[in-house]
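In the working numbering, the protein residues as written are 15 to 343.
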Amino acid sequence: MARSIPVDDPSRVAEIRRATLAVAQEEGLDEKLGGNAAIVSTEVSTNLLKYARQGEVFISPFAPGTGPGVEILAVDRGPGIKDLAASLVDGYSSAQSSGTGLGAISRLSQEFDIYTEVDKGTVLVSRIGGSTHALISVGSVIKPLAGEDISGDAWGFSERDGAIALVVADGLGHGVEASRASSEAVAAFRRATDLSPISVLRQIHDALHSTRGAAVAVANIDPSNRTIQYAGIGNIGGVIAQTGRSEFMVSHSGTAGYQMPRVQEFSYSIPEGALIIMHSDGLTTNWNLDVYPGLRRSHPSVIAGVLYRDATRHRDDVCVVVAKIRSNS
Numbered sequence: 015m016a017r018s019i020p021v022d023d024p025s026r027v028a029e030i031r032r033a034t035l036a037v038a039q040e041e042g043l044d045e046k047l048g049g050n051a052a053i054v055s056t057e058v059s060t061n062l063l064k065y066a067r068q069g070e071v072f073i074s075p076f077a078p079g080t081g082p083g084v085e086i087l088a089v090d091r092g093p094g095i096k097d098l099a100a101s102l103v104d105g106y107s108s109a110q111s112s113g114t115g116l117g118a119i120s121r122l123s124q125e126f127d128i129y130t131e132v133d134k135g136t137v138l139v140s141r142i143g144g145s146t147h148a149l150i151s152v153g154s155v156i157k158p159l160a161g162e163d164i165s166g167d168a169w170g171f172s173e174r175d176g177a178i179a180l181v182v183a184d185g186l187g188h189g190v191e192a193s194r195a196s197s198e199a200v201a202a203f204r205r206a207t208d209l210s211p212i213s214v215l216r217q218i219h220d221a222l223h224s225t226r227g228a229a230v231a232v233a234n235i236d237p238s239n240r241t242i243q244y245a246g247i248g249n250i251g252g253v254i255a256q257t258g259r260s261e262f263m264v265s266h267s268g269t270a271g272y273q274m275p276r277v278q279e280f281s282y283s284i285p286e287g288a289l290i291i292m293h294s295d296g297l298t299t300n301w302n303l304d305v306y307p308g309l310r311r312s313h314p315s316v317i318a319g320v321l322y323r324d325a326t327r328h329r330d331d332v333c334v335v336v337a338k339i340r341s342n343s
């Protein structure tokens, strides 16, 4: 289960370390990888405490299909890193410390990426364990509304016969009952034998009759042909984002579990270099990746972290999922 922990006090460092070890244990990582994850989370949270403003760490297991692992995503609105290349070299420090933080994080990670802008902040991801998916890279951020312990949003990943399917669900309202609705939507998605979006939406609709309902969108991605089949009900955002323009995928009005009118499935092409972004309405719709130099080249989790940081409404649960087809697919 994903966790979000603000870094607003020295005691948070130990809390983040414990949370990381708990996820590593749940994922079945061996002692070495679990220890590496603990070191990374300690270094990340210590750096946020020293340098950042409004720092936050997200700890989550990998998406199904990429093997067991722990993802540590750090987001801040601090001063940024003026010389990133130097900061990644052991022995460099801008605060008279040992300067081993970023270098150690990079070495201990199976996947590592960082995006920073001076006076705007930094987003860093470290992934430990698991494996790199051959066709697609997926990252996410999910966080409950302030004051809630559990998010009413959820997302899922499935793979079958060379196709990748994603679902994002936003349970109506907040808290436990919203979480039950979105979790049941994801469970129905994973039970589906036919991954076509229309078929999956119908199964989700049937499964949610006993819940308060949810907004849901399903995407079926064919990485080889660079196409996507998409269907949605309610206010889940779906975007194919490429440089200079974005194509918004169509969802219909309604609520899965209550009222699902005739829903259409739409087909889209995915241009080379384009990103697939799905999100709940906890994220605004006026974000623009073009204002972030070089961000499109970043790991999808980093992109999701930047969008979360800069485009969250702050009055709802939020879920952001970013997918990128690997160029050698």
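The beta carbon of each residue, even a glycine, is placed where N, CA and C say it ideally should be.
Predicted model, so just to flag it, every value in this text is computed and none were measured.
- Burial of E198 is indicated by the presence of at least 16 other C-beta atoms within 10 angstroms of its C-beta.
- In this structure, DSSP gives L35 a helical state, which the three-state scheme calls helix.
- In the DSSP assignment, the residues bridged to K157 are V332.
- In this structure, DSSP gives A66 a state outside helix and strand, which the three-state scheme calls coil.
- Following the DSSP letters along the chain, one finds I142 in no alpha helix (DSSP H) but inside the beta strand (DSSP E) bounded by residues G135 to G143.
- Burial is judged here by how many other beta carbons sit within 10 angstroms of a residue's own beta carbon; K157 has at least 16 and is buried.
- Looking at the DSSP output, I339 bridges to I150.
- Using a C-beta cut-off of 8 Å, the stretch 271-280 makes no contact with the stretch 303-320, since fewer than three inter-stretch Cβ pairs fall below that distance.
- Nearest in C-alpha terms to G271, of all of V181, P211, G248 and S260, is G248.
- Residue environment analysis places Q217 among the buried positions, since at least 16 neighbouring C-beta atoms fall within 10 angstroms of its C-beta.
- Here the alpha carbon of D97 sits roughly 28 Å from the alpha carbon of V152.
- Beta-bridge analysis with DSSP links D236 to T241.
- Looking at L138, S196 and Q243, the one whose alpha-carbon comes closest to that of G166 is S196.
- Taken atom to atom, the span from the alpha-carbon of R311 to that of V214 is near 31 Å.
- When DSSP reads this structure, P75 sits in a beta bridge with V84.
- Around the Cβ of P285, a 10 Å sphere holds fewer than 16 other Cβ atoms; the residue is exposed.
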